[in-house]
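Structure first, commentary second.
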Amino acid sequence: MTSKNKYTYVGLSDSKSVQDVNALLTAYVPNSDPGIRVAHTPLGDKAPDELVRTNYHWTNKVGSSGAVELSYHFLESAPSVMPRFGIAGFSSFNDEQKEAARLSLQSWSDVANVKFNEVSSLSKANITFGFFDYSITDDYAFATLPKGQNTTYSWYSAESHTFIDNDIGVNGYGRQTFTHEIGHTLGLDHPAEYDASDTVRPTYMSVGEYFEDSRAYTVMSYFSEKYTGQDYKGAFSSAPLLNDISAIQELYGANTETRTGDTVYGFNSNTDRDFMTATDANSKLVFSVWDADGNDTFDFSGFTQNQRINLNQGTFSDVGGLKGNVSIARGVTIENAIGGSGDDILVGNSADNVLKGGDGDDIIYGGLGGDHLWGGAGKDTFVYLNGKESLKGNPDWIHDFISGEDKIDLSDFNFGGKGDIKFVDSFSGRAGEVLLTYDKVTDITDMSISLGGDLVSNDFLVKIIGQPVAEADFIV
């Protein structure tokens, strides 16, 4: 579901759990993540503007629904404009290629207030698809921008194996190319002034103008996600990514009807989108989530690798053995996450999250909001950093704490005062006192912490099913 809040967390601690949480909160952030080489100036939230810098878009196609309504056509014969583009040797799309292109169109209409309708003739088409055998500039694909004309063209090389077999399936380069070229027909530019027809082959280092010009942020880029720290191990996005979503919504508005229910991404997916669905432990997920409403879940339970899952908008997660392969669009809230059988790190957002670590030795940090936390099997650690993260009126619940196995990490907890955390039998009024109250009947422990400074008006409380022992089960 959508949200406009974004939070930043900063902390220092000798605790590995806290360090791992803070590392995930700053993962893939240029100049904050030490593992990233920053070769160009980062633009952050302004980067999507570069994709729409020419301001070409469809302006006269708003239908009765309020959406921009565009028609598309798969060419069946060579149009007279081919020589104008410096291409020759026409061929049409086969059924498999048509279906892949339709899925790419669908991925754009999922995120933007645009609807597509297939038509049977060129004269009625706003967007066309066709193959060529020869290009003067050796292009293998290109498309025209909507500059006021009625028809835009997207062309693809029939000589390239990119558009056959598995390459037009999910994660294939051909499928991403369809999505890229459709992006042009809607008005999106490359992130900077380069093109495949350039005399000198463009590279990230030679023509990139800002940090986010990579295929981690936009399908409109020519450059590998590795330049910005991610690694998809040969997989490509089949749909618009983080900055594409922001850019296309700037032109046409957001599709507020997309996934308004309780949506599951990954395993047990109900998205009906192949690129958001994991079918087995070898699935490669590469996507950015746009979700309009509902109580939504990242289910990565079928993966065995160590994963890092971050539910904050505008961030990247490491899922299924890839790096930075799942992101959350700006303005979107995903409420829940389920880890796999590896040693996972789960970070929540300001919503009331449900976080389940699954098997493995997991680290779980709910952040703000009243969260429900399960470590699952293994030696799990629950991290708290701030007195605002679990308030008495809407406390966190830790549902499966096992004394002697699980831990609660308060080593970097900001209680609004100086000195160390101290466990007590009753509060004296000193900030930083921790009181554990166990109810044998319900098997519930209340963990209360007295706060001071700017936090003094808060009542910090965590409800724990189980009985943690101060001497053994806490990191302070």
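The letter at position 289 of the sequence shown is residue 289 when you use the UniProt record's numbering, and the numbering goes up by one with no holes.
Even glycine gets a Cβ: it sits at the ideal position worked out from N, Cα and C.
Item                                                                                                                                                                        : Value
Hey, Gly266 and Gly302: beta-carbon distance below 9 Å or not?                                                                                                              : yes
For Asn270, which three-state DSSP category applies?                                                                                                                        : coil
Can you tell me which of the three DSSP states Lys284 falls into?                                                                                                           : coil
For Asn5, count neighbouring C-beta atoms within 10 Å of its own C-beta (all shown protein chains included) and say buried if the count is 16 or more, exposed if not.      : Any reading at Asn5 must be qualified, since the residue scores a pLDDT of 38, below 50, and its modelled position is unreliable; no value is offered.
Could you check if residue 485 is buried or exposed, using at least 16 other CB atoms within 10 Å of its CB as the buried criterion?                                        : Outside the shown range of the chain (1 to 476) lies residue 485, about which nothing can therefore be said.
Drop a sphere of 10 angstroms on the beta-carbon of His161, count the other beta-carbons inside from all chains shown, and report buried for 16 or more, exposed for fewer. : exposed
Which class does Ser3 belong to by DSSP, given the choice of helix, strand or coil?                                                                                         : Bear in mind that the predicted position of Ser3 carries a pLDDT of just 40, short of 50, making it unreliable; the figure below should be weighed with that in mind. Residue state, collapsed to three classes: coil.
Rounded to a whole number of angstroms, what is the C-alpha to C-alpha distance between Phe415 and Glu257?                                                                  : 42 Å
Starting from Phe178 and walking both ways along the alpha helix (DSSP H), at which residues does that stretch end?                                                         : Tyr173 to Leu186
Should Phe427 go down as buried or exposed, given a rule of 16 or more other Cβ atoms within 10 Å for buried?                                                               : exposed
Just the Cα atoms here: how many angstroms apart are Asn55 and Gly187?                                                                                                      : 7 Å
Could you tell me the alpha carbon to alpha carbon distance between Ser3 and Ile334, rounded to whole angstroms?                                                            : At Ser3 the pLDDT is 40, less than 50, meaning the model places this residue with poor confidence; the figure from the coordinates comes in the next sentence. Approximately 9 Å, taken between the alpha carbons.
Quick check on the DSSP output: what are the complete alpha helix (DSSP H) runs of length 4 or more inside the segment 230 to 276, in order along the chain?                : 242 to 252
Does DSSP put Ile449 in a helix, a strand or coil?                                                                                                                          : strand
Distance, Cα to Cα, His399 vs Gly466?                                                                                                                                       : 8 Å
Using beta-carbon positions only, say whether Asp380 and Ile363 come within less than 9 Å of one another.                                                                   : yes
Can at least three beta-carbon pairs, one atom from the segment 248 to 256 and one from the segment 208 to 226, be found at a separation below 8 Å?                         : no
Once the 5 residues before and after Ala158 are set aside, which same chain residues still bring their CB inside 8 Å of it?                                                 : Gly89, Ser91, Phe131, Phe132 and Asp133
Going by DSSP, what residues sit across from Trp397 in a beta bridge?                                                                                                       : His372 and Lys463
Taking the alpha helix (DSSP H) that Trp108 falls in, what are its first and last residues?                                                                                 : Asp95 to Val111
Leaving out five residues on either side along the sequence, give the residues of the same chain with a beta carbon under 6 Å from the beta carbon of Ala143.               : Ser154, Glu181, His184 and Thr185
Under 7 Å Cβ to Cβ from Ala247, same chain only, skipping five residues before and after it: list those, please.                                                            : Pro48, Leu51, Val52 and Leu188
Between the alpha carbons of Gly369 and Phe460, how many angstroms are there, rounded?                                                                                      : 12 Å
Using only CA atoms, which one of Ile408, Ser457, Val462 and Ile449 lies nearest to Val476?                                                                                 : Ile408
If you draw a straight line from the alpha carbon of Asn117 to that of Ile87, how long is it in whole angstroms?                                                            : 27 Å
Tell me the residue span of the beta strand (DSSP E) that contains Glu471.                                                                                                  : It is not in any beta strand (DSSP E) - Glu471 instead sits in the alpha helix (DSSP H) that spans Ala470 to Asp473.
Can you say whether Pro395 is buried or exposed, counting buried as having 16 or more other CB atoms within 10 angstroms of its CB?                                         : buried
Using the Cα positions of Ser341 and Ser123, report the straight-line distance between them to the nearest angstrom.                                                        : 55 Å
Cβ atoms of Tyr204 and Ala39: under 9 Å apart, would you say?                                                                                                               : yes
What did DSSP end up calling Asn414 once you bin it into helix, strand or coil?                                                                                             : strand
Just the Cα atoms here: how many angstroms apart are Asn306 and His57?                                                                                                      : 42 Å
Are the beta-carbon atoms of Pro146 and Asn126 separated by less than 9 Å?                                                                                                  : yes
Compare the C-alpha of Gly432 against each of Thr445, Leu385 and Thr179 and name the closest.                                                                               : Leu385
Would you call Thr41 buried or exposed, if buried means 16 or more other Cβ atoms sit within 10 Å of its Cβ?                                                                : exposed
Quick one: Cα of Leu70 to Cα of Thr151, how far?                                                                                                                            : 10 Å
Secondary structure at Leu122, three-state DSSP: helix, strand or coil?                                                                                                     : helix
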